[in-house]
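Asker:
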Amino acid sequence: MKSVKIIGTGSYAPSKIVTNSDLSKIVDTNDEWISSRTGIRERRITTGEDTSVLSTKAALEAIKNANIDPLDIDLIVVGTASPDKFIPSTACLVQAEIGAENATCFDISAACTGFIYALNIGTQFIKTGQCKTALVIGAEVLSKIVDWSDRSTCVLFGDGAGAAILQSSHDENGILSIYTGSDGRNAAEFLGCSAVPVRNPFIKSAEKQESLVTMNGKDIFRFGTKIIPKCIEEVFKEQDCTIEDIKYIVPHQANMRIIDSAAKRLEIDSDKFYMNLDRYGNTSAASIPLALNEMARNGLLHRGDKIILVGFGGGLTFGAALIEWMID
Numbered sequence: 585m586k587s588v589k590i591i592g593t594g595s596y597a598p599s600k601i602v603t604n605s606d607l608s609k610i611v612d613t614n615d616e617w618i619s620s621r622t623g624i625r626e627r628r629i630t631t632g633e634d635t636s637v638l639s640t641k642a643a644l645e646a647i648k649n650a651n652i653d654p655l656d657i658d659l660i661v662v663g664t665a666s667p668d669k670f671i672p673s674t675a676c677l678v679q680a681e682i683g684a685e686n687a688t689c690f691d692i693s694a695a696c697t698g699f700i701y702a703l704n705i706g707t708q709f710i711k712t713g714q715c716k717t718a719l720v721i722g723a724e725v726l727s728k729i730v731d732w733s734d735r736s737t738c739v740l741f742g743d744g745a746g747a748a749i750l751q752s753s754h755d756e757n758g759i760l761s762i763y764t765g766s767d768g769r770n771a772a773e774f775l776g777c778s779a780v781p782v783r784n785p786f787i788k789s790a791e792k793q794e795s796l797v798t799m800n801g802k803d804i805f806r807f808g809t810k811i812i813p814k815c816i817e818e819v820f821k822e823q824d825c826t827i828e829d830i831k832y833i834v835p836h837q838a839n840m841r842i843i844d845s846a847a848k849r850l851e852i853d854s855d856k857f858y859m860n861l862d863r864y865g866n867t868s869a870a871s872i873p874l875a876l877n878e879m880a881r882n883g884l885l886h887r888g889d890k891i892i893l894v895g896f897g898g899g900l901t902f903g904a905a906l907i908e909w910m911i912d
């Protein structure tokens, strides 16, 4: 079976910065209240660019960094909970914009674990010989589905996109292990966003529903602090390495308190977790690849470094990837 490695990454965040002080003008909150409870100080919000636009810009940077032709890409998978449209998929819109006419394209919905799921799908397609080069993306425009009157949720989220190019390799195994899982029991009580209600000429029409994010913060906190260590434990199975061999853990950027609690459970310093939550907020499926590309861009990753990507989110969904960095 073929090996798979990441050969390039990219990311994009809108230029508009919304600070905690800015939010205090539209809801009853303040900078101290938000930052002390979440670790977030600002986030990026689009002023018109939709999810496919953010995805395309992240993809183009990844393609450039990987030094490939878009025609080389034969699979595009986008993880998103906030697509431009139900049809066509965001992946198809990206395909058209970047000129990857040889690619099979589709979206997946796994909320904040979307990039891990997309990474797993791309990896399995390559390992089984279904494709040679995959573009996997995590992207969100959460600002269009956030309830801006709810101070408990609107302070958390931001917009952004991140991408990675995966390629088959006969001599270097960059993606060492991936673990994913789901738990649909009581899922809507944890985190949800309504879709189009059932409505047709043969039933009594339902009232129009707004598609806005709802969340039970306490339940998500408890879930996150338990599932992060679980996912990390799973990717170490049958691997000749331990947590001491890991240079960075790149988590879904949800809440600093969750990360601190997970670090205590793992008995490691929270500094091992790479965080940019303070500057971007929770960007759901975009958070992990956005952070990963920031690390690569800033020279924090070197060939041979072992890192773990770990995410959790609505569904409930969760997963992790153990990766050896193969980019010089």
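The sequence shown lines up with residues 585 to 912 when you count with my numbering.
All C-beta atoms in this analysis are idealised placements derived from N, C-alpha and C, irrespective of residue type, glycine included.
1. Strictly by DSSP, which residues pair up with Leu750?
2. In chain order, what residues of the same chain lie with their CB nearer than 6 Å to the CB of Lys641, ignoring the 5 residues before and after it?
3. Just list the residues that DSSP pairs Leu885 with in beta bridges.
4. Exposed or buried, Ile610, counting other C-beta atoms within 10 Å across all chains shown (16 or more means buried)?
5. By how many angstroms is the C-alpha of Ile629 removed from the C-alpha of Ser599?
6. Label Ala680 either buried or exposed according to how many other C-beta atoms from any shown protein chain fall within 10 Å of its C-beta, with 16 as the threshold for buried.
7. Are the beta-carbon atoms belonging to Ile624 and Asp855 less than 9 Å from one another?
8. Could you give the distance in angstroms between the alpha-carbon of Ala702 and the alpha-carbon of Thr674?
9. In the structure shown, what three-state DSSP assignment does Val611 receive?
10. Would DSSP call Ser636 helix, strand or coil?
11. Using the three-state DSSP reduction, which class does Glu822 fall into: helix, strand or coil?
12. Could you tell me the distance, in whole angstroms, from the CA atom of Leu638 to the CA atom of Leu874?
13. Is it buried or exposed, His886, if we count other Cβ atoms within 10 angstroms and call 16 or more buried?
14. Please work out which residues of its chain come closer than 6 Å, Cβ to Cβ, to Ser871, disregarding the five sequence neighbours upstream and downstream, and give them in chain order.
15. To the nearest angstrom, how far is the alpha carbon of Thr764 from that of Ile907?
16. Excluding five sequence neighbours on each side, which residues of the same chain lie with their C-beta closer than 8 Å to the C-beta of Lys716?
17. The alpha helix (DSSP H) that contains Ser766, what's its start and end?
18. Which residue from Leu900, Leu644, Gly865 puts its Cα closest to that of Ser727?
19. For the alpha helix (DSSP H) containing Arg735, list its first residue and its last residue.
20. Roughly how many whole angstroms lie between the Cα atoms of Arg881 and Ile759?
21. Could you give the residue range of the beta strand (DSSP E) that holds Ile991?
22. In the structure shown, what three-state DSSP assignment does Gly808 receive?
23. Scan the stretch 647–686 and note each continuous alpha helix (DSSP H) run of 4 residues or more that stays entirely inside, going in chain order.
24. Which value, in whole angstroms, describes the spacing of the CA atoms of Cys689 and Glu626?
25. Taking the straight line between their C-alpha atoms, what separation do you get for Ser605 and Leu740?
26. Over the uninterrupted beta strand (DSSP E) stretch that includes Thr603, give me the two end residues.
27. Buried or exposed, going by whether 16 or more other CB atoms sit within 10 Å of the CB of Asp844?
28. Helix, strand or coil for Ala723 per DSSP?
29. Would you kindly report the start and end of the unbroken beta strand (DSSP E) that includes Thr901?
30. Spatial neighbours of Glu685 within its chain, please: C-beta separation below 6 Å, excluding the five flanking residues on both sides.
Answerer: Once the coordinates are examined:
1. Position 166 of the sequence shown, counted from the start, is the residue given in the question as residue 750. Under DSSP, Leu750 forms a beta bridge with Ile590, Ala718.
2. Start at 1 with the first residue of the sequence shown, and residue 641 comes out as number 57. Tyr596, listed in sequence order.
3. Within the sequence shown, residue 885 is the residue found at index 301, counting from 1. Beta bridge pairing from DSSP links Leu885 with no other residue.
4. Working through the sequence shown from its first residue, we reach residue 610 at position 26. For Ile610, the number of other beta carbons within 10 angstroms of its own is below 16, and it is reported as exposed.
5. By one-based count along the sequence shown, residue 599 stands at place 15. By one-based count along the sequence shown, residue 629 stands at place 45. One C-alpha to the other measures close to 8 Å.
6. Sequence index remark: in the sequence shown, residue 680 carries index 96 (1-based). Flag for Ala680 reads exposed.
7. Along the sequence shown, one-based indexing puts residue 624 at 40. Along the sequence shown, one-based indexing puts residue 855 at 271. The answer is no: Cβ separation not under 9 Å.
8. The residue given as residue 702 occupies position 118 in the sequence shown. The residue given as residue 674 occupies position 90 in the sequence shown. Each residue's alpha carbon lies about 13 Å from the other.
9. Indexing the sequence shown from 1 puts residue 611 at position 27. Val611 falls in the coil class under three-state DSSP.
10. Locating residue 636 in the sequence shown gives position 52, where the first residue counts as 1. Ser636: helix per DSSP, three-state reduction.
11. The residue labelled residue 822 in the question sits at position 238 within the sequence shown. Coil, per DSSP.
12. To locate residue 638, count along the sequence shown from 1; it is residue 54. To locate residue 874, count along the sequence shown from 1; it is residue 290. Whole-angstrom Cα-Cα distance: 11 Å.
13. Your numbering for residue 886 matches position 302 in the sequence shown. Burial call: exposed.
14. The residue labelled residue 871 in the question sits at position 287 within the sequence shown. Closer than 6 Å at the Cβ level, and outside the excluded window around Ser871, lie His836, Gln837.
15. Locating residue 764 in the sequence shown gives position 180, counting from the first residue. Locating residue 907 in the sequence shown gives position 323, counting from the first residue. Approximately 15 Å, taken between the alpha carbons.
16. For the purposes of this step, residue 716 is taken as the residue at position 132 of the sequence shown. If you ignore the 5 residues before and after Lys716, its C-beta comes within less than 8 Å of the C-beta of Asp656, Asp658, Ile710, Gln751, Ser752, all in its own chain and listed in chain order.
17. Working through the sequence shown from its first residue, we reach residue 766 at position 182. Premise fails: Ser766 lies in the beta strand (DSSP E), 759–766, not in any alpha helix (DSSP H).
18. The sequence position of residue 727 within the sequence shown is 143, counting from 1. Out of Leu900, Leu644, Gly865, Gly865 has the C-alpha closest to the C-alpha of Ser727.
19. Within the sequence shown, numbered from 1, the residue matching residue 735 stands at position 151. Unbroken alpha helix (DSSP H) run through Arg735: 735–738.
20. Numbered from 1 along the sequence shown, position 297 holds the residue referred to as residue 881. Numbered from 1 along the sequence shown, position 175 holds the residue referred to as residue 759. So the alpha carbons of these two residues sit roughly 20 Å apart.
21. The first residue shown for the chain is 585 and the last is 912, placing residue 991 beyond what the model contains.
22. Translated into positions along the sequence shown, residue 808 becomes position 224. Three-state result, Gly808: helix.
23. Those alpha helix (DSSP H) runs which fall completely within the stretch 647–686 and span 4+ residues are 674–682.
24. One-based indexing of the sequence shown puts residue 689 at position 105. One-based indexing of the sequence shown puts residue 626 at position 42. Between Cys689 and Glu626, the C-alpha separation is close to 33 Å.
25. In the sequence shown, counting from the first residue as 1, residue 605 sits at position 21. In the sequence shown, counting from the first residue as 1, residue 740 sits at position 156. Spanning the two alpha carbons is a distance of roughly 13 Å.
26. To locate residue 603, count along the sequence shown from 1; it is residue 19. For Thr603, the enclosing beta strand (DSSP E) covers residues 601–603.
27. Counted from its first residue, the sequence shown places residue 844 at position 260. Asp844 comes out exposed.
28. Position 139 of the sequence shown holds residue 723. Note: Ala723 maps to strand in three-state DSSP.
29. Here residue 901 refers to the residue found at position 317 of the sequence shown. Where Thr901 is concerned, the enclosing beta strand (DSSP E) stretches over 901–908.
30. Counting from one through the sequence shown, the residue named residue 685 turns up at place 101. So the list is empty, once near-sequence residues are dropped.
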